[in-house]
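Colleague:
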Amino acid sequence: MLGADGVPVFSYLEGVRDGNPWAYAIEDIGAGAADTITSRMPGWAVSAPAELGRALLDRGARLLRHMHVMWCDLPIARPVADAAPAGFRIVPCDRSPAEIFPAWFAAYPPGHPDHRPRDGEKALKEELVPLLSGEEIGPLLPCSVLAVRDEGEVVGGVLVTDSNRGPWIADVFRHPDRSPRGLGALMLSTALVHAGADGLTGIGLVVTEGNPARRVYERLGFRVVAATMTVMI
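In terms of the working numbering, the sequence shown opens at residue 4 and continues consecutively.
Structural data, given as structure tokens:
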């Protein structure tokens with residue numbers, strides 16, 4: 004993106020978020036970036052480092068999500084030793100989007116830091132299907148796992164993608180009514196063990212400000228490396 008004087012003020016990748024154009028992975032931020040984004044990108048969702056995000060909020064942008072980027076060096080990951088609770092199994096992520104959707108959609112009820120009102124059919128078609136197919140972030144990696152009941156119902160999962168930032172956990176989800184507490188940590192730990200066995204040396208994720216899951220991530224070896232904000236211009 005060029006400023007008013009024709010000098011580049013930042014670089015970004017372009018995508019779609021909730022039906023709106025989305026600028027993310029913003030880098031090479033120069034003077035005037037906040038003013039340029041405000042004047043040139045109305046109607047865009049923008050994910051930016053926290054400092055730029057605050058400058059955009061000061062110029063009237065609306066906060067969508069305040070996130071912390073976390074990274075785990077797999078050689079020092081601290082796996083959970085527990086086995087799956089009776090009646091549950093941890094399996095490869097080899098089910099269809101329709102089978103995964105009920106638990107994925109139910110994982111973010113009202114009151115959850117990542118809840119946002121949305122139509123279920125649209126979320127399946129425009130969010131989960133592209134995520135699982137690799138179109139949204141990158142190909143799903145073999146270390147991705149699902150938690151299922153013995154009869155086969157999917158109740159949770161960890162979706163790991165090969166993103167432009169390297170191995171990336173795109174989602175950790177658990178059905179709040181159909182699965183026991185602690186299953187999320189077990190799923191994530193299992194995915195980390197599989198990732199290490201596959202030769203990966205590190206893995207990242209983002210967690211929303213105020214999400215108690217951050218404590219679980221820290222317990223498993225993740226550390227905060229950056230803060231970002233997604234705002235609507």
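Just so you know, even glycine gets a beta-carbon here, dropped at the ideal spot from N, CA and C.
Identify the continuous beta strand (DSSP E) that holds threonine 108 and give its terminal residues.
Modeller: Threonine is not the amino acid found at residue 108; the sequence shown has phenylalanine there. Looking at the DSSP string, phenylalanine 108 is not in any beta strand (DSSP E); the run it does join, the alpha helix (DSSP H), is 100-109.
Colleague: What residue from Glu156, Gly169, Glu154, Val148 has the CA that sits closest to leucine 162's CA?
Modeller: Val148
Colleague: If I measure Cβ to Cβ from phenylalanine 225 and keep anything under 8 angstroms in the same chain, skipping five residues before and after, which residues do I get?
Modeller: Met73, Trp74, Cys75, Leu208
Colleague: Determine the contact status of threonine 211 and valine 49, defining contact as a CB-CB distance below 8 angstroms.
Modeller: no
Colleague: For the putative contact between histidine 71 and alanine 200, defined by C-beta atoms under 8 angstroms, what is the C-beta separation to the nearest angstrom?
Modeller: So it is not a contact: roughly 27 angstroms between Cβ atoms.
Colleague: Can you look up proline 145 in the DSSP assignment and give me helix, strand or coil?
Modeller: Correct three-state label for proline 145: coil.
Colleague: In whole angstroms, what separates the C-alpha of proline 95 from that of glutamate 138?
Modeller: 20 angstroms
Colleague: How many whole angstroms separate the CB atoms of leucine 131 and proline 100, which I take to be in contact at a CB cut-off of 8 angstroms?
Modeller: 5 angstroms
Colleague: Where does leucine 16 land, buried or exposed, given buried means 16+ other C-beta within 10 angstroms?
Modeller: exposed
Colleague: For the alpha helix (DSSP H) that contains histidine 197, what are its first and last residues?
Modeller: For histidine 197, the enclosing alpha helix (DSSP H) begins and ends at 186-200.
Colleague: Using CA coordinates, which residue listed in Glu129, Trp171, Ala36, Gly159 is at the minimum distance from glycine 141?
Modeller: Trp171
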